[in-house]
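In mature numbering (1 follows the signal peptide of the UniProt record, and there is no 0), the protein residues as written are -18 to -1, 1 to 753.
We put the CB at the ideal spot given by N, CA and C, even for glycine.
Everything on this sheet refers to the single structure shown next.
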């Protein structure tokens, strides 16, 4: 009996030992001891090389893998742009701390690393996404790659080559350097190491930054590459084409890129309904029944760049840009007053802009954890505008307007970063901009000169305490405008704080508060009078002032293997914002559309997002998003409420060398003051075939709609204005795409920039809004 008891005890002991949970942990870093976030750590059985489990390193590069006891196994650690490392392990019976695992830069990458664990890492201010092999293969451009990633809140239109997020413009960056979408097109999807989707940008991104998308690339040190894309409609004048070339030798790179965009529509029309309520109780209803008229637009961009980099020391870069933009809108309509035909109306508005620019950048690593960056941009803009409006019948009414301007700009920015401890960093920066403009208007004699100076400075501290993450800072700005005999100076103070708590490696809750000050647009400060029609004229207001916006948000994110979820809640409050102000001028005998600081605007916004990837053996990926907004606006003579719902859906199907993209968005609305905007619907269906260096695609723009349409509604009680524009050419528009990417002798290293500014905005900034 004693022998039996002993044998049972030994059997139980060995059984417990065999079932003991083992933890393998370590930190993945590069040669500079920088954490590699999202590195793939996979555990294999050495006997048959079968995968046991796999995880991704966290925001600190750390990982923990749970497994059972095993005699022989090995860890495979891989990261895009680095050589994979294999660690053999024998007799794994206890927990093992593997320490730092250093990955070396992959000098020549012949194929992409196969992602095993989650592709996304959620941080306090950003989501870091690593593209997988299929996403890269089926992406003709980096913008296509962004669409295939299906990020929460981000709307990417791969046909128009645009991106928006939460009704805000998207700011693009490459390795931290601010660029435009044309510069993004100069990249190739295979050269992108990761994408940082910064939906909670800090003060370092400047005043008014909405959402930032930062492409982090693999730095090329040798070889030649050329890439391009031709995307054109079959029966409609619609195209987006570009060509890029890169030469690399040792520390130097020379790049040349050309981009062109053109639109030529024949079936564009605009309908308007305007009501005027005069003080003497007279009411006039003017209906504009629009007819199809032509629309033309084209844009050409040429960039020539040179960069010189010494790793861990300095980076010098020069970019020369030249852009030409032309836009022409025509309107033709029959006008009915109070139900009776009145006249026939025609109008045309055309603009031309020429924008040369020189961009110089230099960064220096002054200590192992400290770096200094400087950016200088100088440019010139030449602009011309022509506008005429005519009504013909018994009494002919005609008005015309023209303007031309010259704009000079000089922008300088300095930035200092200090990672003074393992978990904390300090960032300080200052930016100064100078703009000089000379405008000539046909209804004025002489030259209208405008000087615009802008100064911005910030300090920001970021870090973490165990599971708590923080980002806090303060900034100040000064804007000064000088025009004719008037000077305008606006000061602003902007504190911002973000707090986050990481419940686990897969879930994060964050809160953000930001106080920002918005300056009135220069065009709104202009007192130039522009006659719109016989009853209405547009005029600025020189007495406008800056106003504050308070933003609070709470976001919960969950990322686990193939599933991604995000729940968001936002509250915006604008105090005394600049909005439309409509009144009747007895002397002029006309209604005046001007601007005024008045009342408030509130918006409550909720969003739910979900994404599931890898369905049917990695063939299908689905994403969906629901939005709800409640608006409350109040002014001197108005008070409005609005509830809006919108939804979007996207499906990506990938099978061997074929891919199918389907997107659909419902119409969204936006209310500011008394102006209600109706956003356009959006839908795309595109089938692609990729083979080696080529991608061929065939698609339909608006496959479920007969036309593109959008509009606006001015809810004034004394003069309501409704406008609706349609473009039938866009409905079920068939387009083709051909993309290519060739390279020779490509080798890679890591390197990045942190600043860039762009002064090449269209001129005539003092021009009143005319459309």
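Please name the residue in the options whose C-alpha comes closest to that of residue i.
i, options, result
"residue 726", "60, 154 and 207", "207"
"residue 667", "654, 646 and 280", "646"
"residue 547", "594, 643 and 187", "594"
"residue 404", "672, 661 and 352", "352"
"residue 767", "531, 109 and 239", "Residue 767 lies beyond the stretch modelled for the chain, which goes from -18 to 753, so this question has no answer here."
"residue 483", "446, 580 and 498", "446"
"residue 343", "161, 420 and 48", "161"
"residue 186", "629, 397 and 245", "397"
"residue 526", "698, 580 and 474", "580"
"residue 360", "388, 392 and 386", "392"
"residue 675", "121, 584 and 39", "121"
"residue 564", "39, 50 and 260", "260"
"residue 518", "506, 701 and 592", "701"
Would you report the Cα separation of residue i and residue j, rounded to the nearest angstrom?
i, j, result
"residue 602", "residue 476", "44 Å"
"residue 152", "residue 717", "25 Å"
"residue 433", "residue 416", "8 Å"
"residue 516", "residue 553", "41 Å"
"residue 345", "residue 454", "25 Å"
"residue 533", "residue 257", "36 Å"
"residue 648", "residue 627", "9 Å"
"residue 722", "residue 42", "37 Å"
"residue 250", "residue 634", "32 Å"
"residue 459", "residue 435", "11 Å"
"residue 456", "residue 107", "16 Å"
"residue 324", "residue 500", "43 Å"
"residue 30", "residue 229", "44 Å"
"residue 127", "residue 678", "16 Å"
Please state whether DSSP places residue i in a helix, a strand or coil.
i, result
"residue 523", "coil"
"residue 283", "strand"
"residue 382", "strand"
"residue 290", "strand"
"residue 115", "helix"
"residue 647", "strand"
"residue 505", "helix"
"residue 320", "coil"
"residue 330", "strand"
"residue 92", "Any reading at residue 92 needs caution, since the residue's pLDDT is 35, under 50, leaving its predicted position unreliable; the model's value is listed next. Looking at residue 92 - three-state DSSP - the assignment turns out to be coil, as it is neither helix nor strand."
"residue 186", "helix"
"residue 211", "strand"
"residue 172", "helix"
"residue 537", "strand"
"residue 712", "helix"
"residue 70", "strand"
Would you check if the distance between the CB atom of residue i and the CB atom of residue j is smaller than 8 Å?
i, j, result
"residue 183", "residue 195", "no"
"residue 11", "residue 65", "no"
"residue 271", "residue 316", "yes"
"residue 463", "residue 522", "no"
"residue 226", "residue 305", "no"
"residue 175", "residue 199", "yes"
"residue 288", "residue 300", "yes"
"residue 57", "residue 25", "yes"
"residue 615", "residue 571", "no"
"residue 663", "residue 715", "no"
"residue 5", "residue 48", "yes"
"residue 283", "residue 241", "yes"
"residue 670", "residue 641", "yes"
"residue 72", "residue 125", "no"
"residue 212", "residue 275", "no"
Would you give the residue range spanned by the alpha helix (DSSP H) that residue i belongs to?
i, result
"residue 124", "124 to 131"
"residue 597", "597 to 600"
"residue 163", "163 to 167"
Following the continuous beta strand (DSSP E) through residue i, name the residue where it begins and the one where it ends.
i, result
"residue 467", "Where residue 467 is concerned, there is no enclosing beta strand (DSSP E), given that its DSSP letter is neither H nor E."
"residue 707", "701 to 709"
"residue 618", "That residue, residue 618, is in no beta strand (DSSP E); it is neither H nor E in DSSP."
"residue 228", "219 to 231"
"residue 558", "Per DSSP, residue 558 belongs to no beta strand (DSSP E) and is neither H nor E."
"residue 432", "430 to 447"
"residue 697", "No beta strand (DSSP E) contains residue 697, which DSSP labels as neither H nor E."
"residue 23", "22 to 27"
"residue 672", "664 to 673"
"residue 273", "From DSSP, residue 273 is part of no beta strand (DSSP E); its letter is neither H nor E."
Any Cβ of chain D within less than 8 Å of the Cβ of residue i?
i, result
"residue 617", "Within the model displayed, chain D is absent; a lone protein chain is all it includes."
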